[in-house]
Amino acid sequence: MSSTSADEHPGLGKGLGRLQGRVAIVTGANSGIGRATARLLAREGAKVVCCDIQETVTPRVDSLIEQDGGQAIFLRSDVTLQNDCDRMISTALERFGDLDILFNNAGGGVRKKIHEFTDEEWNFVINLNLTAIFRGVRAAIPHFLRKGRGNIVNTASTFGILASAQYPAYCATKAAVVNLTRQMALDYGTSGIRINCVCPGATETPRFRGYPPRPTLDRATDEQRARMASSNRALQRMARPEEIAYGVLFLVSDESSFVTGHALVIDGGQTIDA
Ligand SMILES: NC(=O)c1ccc[n+]([C@@H]2O[C@H](COP(=O)([O-])OP(=O)(O)OC[C@H]3O[C@@H](n4cnc5c(N)ncnc54)[C@H](O)[C@@H]3O)[C@@H](O)[C@H]2O)c1
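To convert, note that position 216 of the sequence shown is 215 in numbering that gives the first Met the number 0; the numbers rise steadily by one, no gaps.
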């Protein structure tokens with residue numbers, strides 16, 4: 000897999016050098032939205048620290064980036080652990096000499112009604128989708144403050160704005176990510192740090208991971224995909240991960256220099272539908 004013609008992300012165009020000289024961390028980088036975004040940021044010139052808890056999806060994202068002519072390293076890390084978040088930052092600084100962009104993207108959920116949740120399942124979702132963002136931001140901010148500049152994007156969801164049946168912890172955490180993003184943008188704006196989030200709608204990725212976390216990713220069934228696609232009455236399809244990646248690129252690039260605290264909905268019209 001060495002050219003864009005046989006590529007798993009045919010929607011990624013050639014880079015325009017928007018992120019030349021920048022260093023980015025992407026979490027959840029070896030699958031789905033994180034994988035497409037890591038590749039796009041690298042095509043735009045960024046050196047990317049690709050962080051993921053699993054390397055079972057092959058080829059690993061850093062090798063895809065290198066095949067594209069970009070620079071990346073893979074760091075096996077668990078975003079729910081503060082030590083691993085600290086190591087993401089120190090790896091960027093040691094290996095690439097700087098850090099400009101943090102994309103807090105790893106996430107997942109457990110589908111069941113709230114009375115069926117165990118404490119472990121509930122805490123798993125809270126830790127992965129919300130506390131991990133606290134940990135990642137806490138690790139990165141001191142460097143951004145010293146530098147007087149920094150850019151953070153968090154992955155929320157349309158389920159941070161709307162509710163989805165049998166998804167209580169996921170909906171609660173994604174709504175929290177939207178407002179935590181706004182809150183942090185207020186605290187750090189005058190320090191040169193912009194903080195935004197993306198709210199993807201249903202996106203064709205191998206997610207659907209539950210608790211306990213599995214070392215391999217499940218693919219959605221054709222029936223699940225068809226249901227999710229047809230529930231979007233505007234475009235009647237799911238997003239490709241590249242379509243979310245381009246939203247992230249906008250937010251981390253200088254073209255969005257007056258955008259902060261924003262929740263960028265990329266949902267093919269899902270949330271306009273009453
Ligand atoms: N796919 C969708 O329809 C959709 C819609 C809205 C929001 N999102 C959000 O987008 C983000 C990415 O989802 P995706 O669909 O690309 O999923 P995915 O499962 O394809 O990719 C997620 C990646 O995160 C990694 N990961 C999981 N736990 C981790 C941990 N503790 N530490 C480090 N890495 C970890 C996984 O190994 C995987 O590679 C998530 O936050 C998800 O909630 C997805």
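Even for Gly, the Cβ is constructed at its ideal location relative to N, Cα and C.
Going by DSSP, PRO205 is part of no alpha helix (DSSP H) at all; its letter is neither H nor E. Between the region 120-131 and the region 221-236, the count of C-beta pairs closer than 8 Å stays below three; the two stretches do not touch. Taking C-beta atoms under 8 Å as the contact rule, ALA238 and PRO199 qualify, at a distance of about 6 Å. Its chain contains SER76, ASP77 as the residues whose beta carbon lies nearer than 7 Å to that of ASP83, once the 5 sequence neighbours on both sides are disregarded; these appear in chain order. Here the region 106-116 makes no contact with the region 54-66; the two share fewer than three CB pairs at distances below 8 Å. When secondary structure is reduced to three states using DSSP, ASP77 falls in the coil class, being assigned neither helix nor strand. The alpha-carbon separation between GLN165 and ARG218 amounts to approximately 20 Å.
The residue among ALA23, ASN104, ASP118, ASN122 with its C-alpha nearest the C-alpha of VAL251 is ALA23.
GLY159 sits close to VAL177, with the two beta carbons spaced by under 8 Å. Comparing alpha-carbon positions, the option among GLN81, GLU43, ILE52, ILE194 lying closest to SER256 turns out to be ILE194.
The C-beta separation of PHE143 from ILE113 comes to about 37 Å, leaving the pair out of contact by the 8 Å criterion. With a cutoff of 7 Å, VAL78 counts as near ligand 1, since its C-beta is closer than that to a heavy atom of the ligand.
Ranked by Cα distance from ILE151, the options CYS196, SER190, ALA105 are led by CYS196. About 5 Å separates the CB atoms of VAL47 and ALA37; that is less than 8 Å, so the two are in contact.
Taking THR202 as the centre and dropping the five residues before and after it, the same chain places the C-beta of GLY31, ILE32, MET237, ALA238, ARG239, PRO240, GLU242, ILE243 closer than 8 Å to its C-beta, in chain order. The beta carbon of PHE95 sits closer than 6 Å to those of VAL22, LYS46, all from its chain and outside the five residues before and after it, given in chain order. Around the beta carbon of ASP118, a 10 Å sphere encloses fewer than 16 other beta carbons of the protein chains shown; the residue is thus reported as exposed. For ARG134, the secondary structure class from DSSP, reduced to helix, strand or coil, is helix. Taking VAL25 as reference, the option from GLU7, GLY68, GLY188, ILE88 with the minimal CA-CA separation is ILE88.
Between the alpha carbons of ASP51 and THR189 lies a distance of about 31 Å.
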